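Report on the following structure.
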Amino acid sequence: MLFITSYKMNIMARTTISMPEDLARMAQREAQRRGVSLSAVVRQALEQHLYRYRGRKLPWQGIVNRGVPAARDLDAELDRDWANDIVGDR
């Protein structure tokens, strides 16, 4: 009998983060409570937070550009469309 299995190889990036001491203690206690590493607790918390907000528009996003074309784009638009617009208005 032949069994073929596949697995996804997760490559982890090592990074250093800074956090307040009280937050570090809370995370360490949670890791001990669950019986997992501190890295696992931080990774899971970060994943949950980032996936929750994935695809959501930030409240301040678009405040600078609300669909108004830039001045440099207006010349190209006028060159392309002005004659047709004038003819269409007659």
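In the numbering used here, the protein residues as written are 1462 to 1551. Built from N, CA and C at the ideal position, the CB exists for glycine as well. These numbers were taken from a predicted model, which means no experiment stands behind them.
- DSSP places M1473 outside both helix and strand once states are collapsed to three, so it counts as coil.
- Residue range 1482–1495 is occupied by the alpha helix (DSSP H) that includes M1487.
- Between V1497 and A1488, the CB-CB gap reaches or exceeds 8 Å.
- Secondary structure note for S1479: it is in no alpha helix (DSSP H), with a DSSP letter that is neither H nor E.
- When DSSP states are grouped into helix, strand and coil, R1515 belongs to the coil group.
- Cβ-Cβ distances below 8 Å link A1492 to S1498, L1499, A1501, V1502 in the same chain, with the five nearest sequence neighbours on each side left out; the list follows chain order.
- Within its own chain, no residue has a Cβ closer than 8 Å to the Cβ of D1536 once the five positions on either side in sequence are excluded.
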